[in-house]
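Asks:
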Amino acid sequence: MSIEKIVKALNQDLALEIAAALQYLHHHWTGEGYDSPAVLELFEKIARDEMKHMEMLAERINYLGGDPTLAPAEIKKGGDLHKMMKDDLDGENMAIKQYKVHIKLFDELGDPTSRLMMEKILSDEERHADIWETTLGIKK
Ligand SMILES: [Fe+2]
Ligand SMILES: [Fe+2]
């Protein structure tokens, strides 16, 4: 059934969002460094975006008759501020890759609502990735 495929993919996305929210929050709580205030604030701000994504996904899954997962994907914690930002950038890039695949899938399965929702979330993740690329001085 295509609904099952949609719910499965949305739950994979929700697991990434739960992990992202928790990872950003943990980085916000534990990050230290001479230039940390601005970065620590960013961790908290982005955690709030990820929590909004969690909510959008959970509500969509529930609407489709599925059970929103509570299990996060892999969470990376610890290290200095540079490692934290690098881990967060990796997480954003992983989400961007997965969401692009799922946007195509939802289109194929005839679910424009899930597709549009993931396009909105994808644009947030691209903005987050851009913040870390800029902060880390990484060129595309
Ligand atoms: Fe997100
Ligand atoms: Fe993000």
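Sequential numbering of the sequence shown, starting at 3, is according to our numbering. For glycine and all other residues, C-beta sits at the position ideal for the given N, C-alpha and C.
(1) First and last residue of the alpha helix (DSSP H) that includes GLU128?
(2) Tell me the DSSP secondary structure of ILE77 in three-state form.
(3) Select from ASP132, LEU138, GLU6, ALA131 the residue whose C-alpha is nearest the C-alpha of LEU66.
(4) Could you have a look at THR71 and say whether DSSP puts it in helix, strand or coil?
(5) Report the three-state DSSP secondary structure of ASP82 (helix, strand or coil).
(6) Sorry if obvious, but does the Cβ on ASP132 come closer than 7 Å to a heavy atom of ligand 2?
(7) Determine the contact status of ALA22 and GLY80, defining contact as a CB-CB distance below 8 Å.
(8) Using a threshold of 8 Å, state whether the C-beta atoms of ARG62 and LEU111 are closer than that.
(9) Anyone know if the C-beta pair for ASP15 and LEU59 falls short of 8 Å?
(10) Looking only at C-alpha atoms, which of VAL9, MET86, SER125, GLU76 sits nearest to TRP134?
(11) What span of residues does the alpha helix (DSSP H) with LYS10 cover, start to end?
Replies: Taking the geometry as given:
(1) Counting along the chain, the alpha helix (DSSP H) containing GLU128 begins and ends at 114-138.
(2) Note: ILE77 maps to coil in three-state DSSP.
(3) It is GLU6.
(4) In the three-state DSSP reduction, THR71 falls in the coil class, being neither helix nor strand.
(5) Residue state for ASP82 is assigned as coil, using DSSP reduced to three classes.
(6) The answer is no for ASP132.
(7) No, the pair does not count as a contact, with Cβ atoms beyond the cut-off.
(8) Going by C-beta atoms, ARG62 is not nearer than 8 Å to LEU111.
(9) Less than 8 Å divides the Cβ of ASP15 from the Cβ of LEU59.
(10) When each option's Cα is compared against that of TRP134, the closest is MET86.
(11) Counting along the chain, the alpha helix (DSSP H) containing LYS10 begins and ends at 4-32.
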